[in-house]
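2 protein chains.
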Amino acid sequence: MADATHPQAGTKRATSAADPIYADIKARILSGRLPPATPLRQDEIARNHGVSKIPVREALRRLEVENLVVFEKNKGATVRFYTETEILQLLDIRIALECRALELAVPNMIPSDFRETQALLRDYAQKVEVSEWSRLNVQFHQMLYEPCGNRQLLAMIDDLQQKLGQYLRLLVTEATGLERPMREHQDILCACMAGDVDAAVAALRAHIEATKKEVAAFLRRGA
Amino acid sequence: MADATHPQAGTKRATSAADPIYADIKARILSGRLPPATPLRQDEIARNHGVSKIPVREALRRLEVENLVVFEKNKGATVRFYTETEILQLLDIRIALECRALELAVPNMIPSDFRETQALLRDYAQKVEVSEWSRLNVQFHQMLYEPCGNRQLLAMIDDLQQKLGQYLRLLVTEATGLERPMREHQDILCACMAGDVDAAVAALRAHIEATKKEVAAFLRRGA
DNA sequence: ATTGACAAAATAGTATACGATTTGCAAGGA
DNA sequence: TCCTTGCAAATCGTATACTATTTTGTCAAT
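Chains as they are written, first to last, in this note's numbering: chain F, 1 to 223; chain A, 1001 to 1223.
As structure tokens, this is what we get:
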């Protein structure tokens, strides 16, 4: 991409020293390696990345807008703490966004979409490793919504799934298992293949509502 | 500057220097005073606000995450350009979020909510000024969703309404008028007062879909 | 021992400075 | 006339440096 002739075409972002730092911290927060309330010391991060504080601050500011870190008056940034309530509320937003995306996507689905999604579910059934499960789960949902054609909506869904990821990962290891989600995934896909938008949306909504109940129970026990 | 030692004597700012800049630029973008593609020169903004470039850059980075400005490699920031398609897609997201919020809100509504909302609609009917209309319209929707209790959802809705604000303002002056929206607002409120969640959501969805069609037509003519 | 005051260290926030990149423009050649 | 080519000015991005605030540690006084 030595082509300097790409002024807009929003697909690619300009690189800045802040970008790798932003990506690194974001990944560590979302994976749970940086637990809530961890202070994010600017000097330390800057030293580790071999830069000054300025790009570090810009990275942290971006994470602040995404609600992943919190700035306090003269104390700097810490990893944001999501309460039980907020996690459940994120799942309510998931219901809103994903049901709408599916509703818009079903009419646009073509046979190859069905084939690929079914193939994914078969892989799913064989890989029982949890780390793989999480990745495939996210991928399944993304494949369902992709045909909706609304990039901003897809981005919002992706953002939500990342934020909820660590909690859902815990869930499958400790409580839910794979049985129920897999059956529900099949139901959703069948409705899509039948072209029945309402049934597909209803199945998806039930799926997320069930997840929400399990998260609620899990958090109740955990706390 | 000679007295650089005392940029803001005595005024203990609970916020960083970036915050007022962020608010100012955001307001000017959302109101349309800074049209799309306007370059945002860091030195100039810094001079106008009496600060250095550092807080300016942080403000711009925050706006970048919110999709209001775009950074390009060594060219700096410009006001983001929303295409027709993207504006219509934002309305699809509005349908998702607002219908969900209303669905969650209706069961929580109490008599005083109804009274206040009705009072607002009466004010509405009398103020025919466009500037007032826009403000009251946003307020009406917010009052409907408030009882849902999901702060993150409410924040996302507010964000969307601000982004769409300038386009909807144009719409009411040039095309739609006040007749249809007001009737639909009444329908929605009636369903809420009857406690009929499904009817309320259906009415709201029809309301936003109608708006979407008008925006589409308006953009088609305008472009 | 507990508390309060105060000095010292650590950390945040921002201005200044400087190299790097882009842009505007003018002069020179096809 | 149109296209290079080469400065010069403008602008960006970030390292450095400095101030302001918070935190920590020490030492008396109760």
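Ideal placement from N, C-alpha and C gives every residue a C-beta, glycine not left out.
Bear in mind that the values here come from a model prediction, so they are computed numbers and not experimental data.
Chain A has no Cβ within less than 8 angstroms of the Cβ of Ile110 of chain F. Interface flag for Ala1096 of chain A against chain F is set, since a Cβ pair is found closer than 8 angstroms.
For secondary structure counted as the alpha helix (DSSP H) over 4 or more consecutive residues, the region 1174-1214 of chain A holds these complete runs in sequence order: 1179-1193. The Cβ of Val65 of chain F sits closer than 8 angstroms to at least one Cβ of chain A. In the structure shown, Ala17 of chain F adopts coil according to DSSP, grouped into three states. Listed in chain order, the non-local C-beta contacts of Ala1191 of chain A below 6 angstroms within the same chain comprise Ala1199, Ala1200, Ala1203, local neighbours out to five positions each way being set aside.
Relative to the Cα of Ile1045 of chain A, the nearest Cα in the group A:Glu1066, A:Pro1020, A:Leu1068 belongs to A:Pro1020. Not a single CB atom of chain A sits nearer than 8 angstroms to the CB of Arg205 of chain F. Closer than 7 angstroms at the C-beta level to chain A, one finds these residues of the region 77-89 of chain F: Glu86, Gln89.
Per the coordinates, the alpha-carbon of Phe114 of chain F lies some 10 angstroms from the alpha-carbon of Leu120 of chain F. For Glu129 of chain F, the secondary structure class from DSSP, reduced to helix, strand or coil, is coil.
Our two residues, Leu68 of chain F and Gln1126 of chain A, have alpha carbons roughly 44 angstroms apart in a direct line. DSSP places Val138 of chain F within a helical segment (H, G or I) once states are collapsed to three. Across the region 1040-1058 of chain A, CB contacts with chain F closer than 7 angstroms involve Ile1054, Arg1057, Glu1058, in sequence order along the chain. Distances from the alpha-carbon of Glu72 of chain F to those of F:Glu66, F:Ala59, F:Leu40 put F:Leu40 closest.
Counting every other CB atom within 10 Å of its CB across the protein chains shown gives Ile29 of chain F a total of 16 or more, marking it as buried. Neighbourhood of Asn150 of chain F in chain A, by CB distance below 7 angstroms: Gln1089, Asp1092, in chain order.
Judged by DSSP in its simplified three-state form, Glu84 of chain F adopts helix. With its beta carbon at least 8 angstroms from every one in chain A, Leu102 of chain F lies outside the interface. If you check the CB distance, Leu219 of chain F and Glu84 of chain F come in under 8 angstroms. Within 8 angstroms of the CB of Leu1153 of chain A, the CB atoms of chain F belong to Gln89, Asp92, Ile93, Ala96, in sequence order along the chain. Around the beta carbon of Thr1015 of chain A, a 10 Å sphere encloses fewer than 16 other beta carbons of the protein chains shown; the residue is thus reported as exposed.
When secondary structure is reduced to three states using DSSP, Thr78 of chain F falls in the strand class. Listed along the chain, the chain A residues whose CB falls inside 7 angstroms of the CB of Arg61 of chain F are Glu1058, Arg1061, Arg1062.
Per DSSP, Val1070 of chain A lies in no alpha helix (DSSP H) segment; the continuous beta strand (DSSP E) that holds it begins and ends at 1069-1072. If you check the CB distance, Ile87 of chain F and Val197 of chain F do not come in under 8 angstroms. Membership of Pro1055 of chain A in the alpha helix (DSSP H) is indicated by the continuous run 1053-1065. Secondary structure of Pro39 of chain F (DSSP, three-state): strand.
In this structure, Gln1089 of chain A places its C-beta atom within 8 angstroms of the C-beta atom of Gln152 of chain F.
In the structure shown, Leu1034 of chain A falls within a coil segment according to DSSP collapsed to helix, strand and coil. When the Cα atoms are used, Gly222 of chain F and Val1079 of chain A turn out to be separated by approximately 46 angstroms.
Our two residues, Arg169 of chain F and Gln139 of chain F, have alpha carbons roughly 14 angstroms apart in a direct line.
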